[in-house]
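*Asks:* I'd like to ask some things about the structure below.
Residue numbers (the numbering used here): 45 to 308.
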């Protein structure tokens, strides 16, 4: 009996220690910073295609839950052949910064036509409801049953930052368009220096890679790589992603975050 108790106590202590370390890696981050604005440029073979702006709008109340609200603008530059993209994403992110509560996205289809999508993630009832709108008229809707806590295209940006230093491979359940899918990320913990035009010195970053088994804006799909700042802010500094035109580079060009500078 004494041996069994000791064995149980050891297993409990190991499990407790594991979860303490694991969640401390998430807790000590300062990923969610109200008012943060990050600006990126997308390029392909040296050709500048467009820009991405991600904004943390702070905390909001959503269905009685205090959530984080984020917004993203994606725009192609004028005069780029075969590329004309104008998209706005909004995400209501759970306080854990590990899944989404609600998502809204709008994409300009032509000069006077915008397509609008709403996704409601109801974790308590185990369902996801989506709606598709075209210039104010709903043309598609549906409901899926799932017990997974899902991310959307924008919440992934913050969830990846939150998980950056777990030093293991993670499968992140994701919802795109009409169905569930997965995003696989290998958080290796590897430290690398990268150079960007926004600063005059190499930036100390944490490298990771992964695979998206979905297709998103710009045709984003498949293999990708990322370099996030090696500090508590974990700001995305650079990424390489597969788009419908080929492999593209995304890099930080400016930011608004009080007291923050890319680490050396």
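Where a beta carbon is used, it is the ideal one built from N, C-alpha and C, also for glycine.
(1) Excluding sequence positions up to five away, which residues of its chain have a Cβ less than 8 Å from the Cβ of residue 293?
(2) So, are the CB atoms of residue 185 and residue 175 less than 8 Å apart?
(3) Could you tell me whether the segment 116-124 touches the segment 90-104, where touching means 3 or more Cβ pairs closer than 8 Å?
(4) Please list the terminal residues of the continuous alpha helix (DSSP H) segment that includes residue 203.
(5) So, residue 287 versus residue 263, is the Cβ gap smaller than 8 Å?
(6) Which residue comes first and which comes last in the beta strand (DSSP E) that contains residue 217?
(7) Please work out which residues of its chain come closer than 8 Å, Cβ to Cβ, to residue 305, disregarding the five sequence neighbours upstream and downstream, and give them in chain order.
(8) How many angstroms separate the CA atom of residue 70 from the CA atom of residue 201?
(9) Write down the C-beta distance between residue 277 and residue 248 rounded to the nearest angstrom, noting that I regard them as a contact closer than 8 Å.
(10) In or out: residue 54 buried (at least 16 other Cβ within 10 Å) or exposed?
(11) Quick one: what's got a C-beta closer than 6 Å to residue 253's C-beta in the same chain, skipping five residues either side?
(12) Give the straight-line distance between the Cα atoms of residue 272 and residue 260, rounded to the nearest whole angstrom.
(13) Just confirm the distance between the C-beta atoms of residue 194 and residue 143, as a whole number of angstroms; I'd bet it's less than 8 Å.
(14) Using the Cβ count rule (16 or more neighbours within 10 Å means buried), how would you classify residue 182?
(15) When you compare each of 138, 196, 232 and 84 to residue 76 by their alpha carbons, which one comes out closest?
(16) Given this structure, state the Cα-to-Cα distance separating residue 233 from residue 265, to the nearest angstrom.
(17) Take residue 222 as the anchor and find which of 208, 188, 167 and 166 has the nearest alpha-carbon.
(18) By how many angstroms is the C-alpha of residue 136 removed from the C-alpha of residue 123?
(19) For residue 260, does the three-state DSSP call read helix, strand or coil?
(20) Can you tell me which of 308, 267 and 240 puts its alpha carbon nearest to the alpha carbon of residue 83?
(21) CB residue 311 to CB residue 79, shorter than 8 Å?
*Replies:* With the structure as the only source:
(1) 86, 87, 88, 282, 283 and 284
(2) yes
(3) yes
(4) 199-206
(5) yes
(6) 213-220
(7) 243
(8) Because the pLDDT at residue 70 is just 45, under 50, the model does not fix this residue reliably, and the point stays unresolved.
(9) Contact flag wrong, Cβ pair sits at about 12 Å.
(10) Since pLDDT at residue 54 reaches only 42, below the 50 mark, its modelled position is unreliable, and the value read off the structure follows with that caveat. When all chains shown are included, residue 54 counts as exposed.
(11) 230 and 269
(12) 21 Å
(13) 6 Å
(14) exposed
(15) 138
(16) 23 Å
(17) 188
(18) 34 Å
(19) coil
(20) 240
(21) Nothing can be reported for residue 311, as the shown portion of the chain is limited to 45 through 308.
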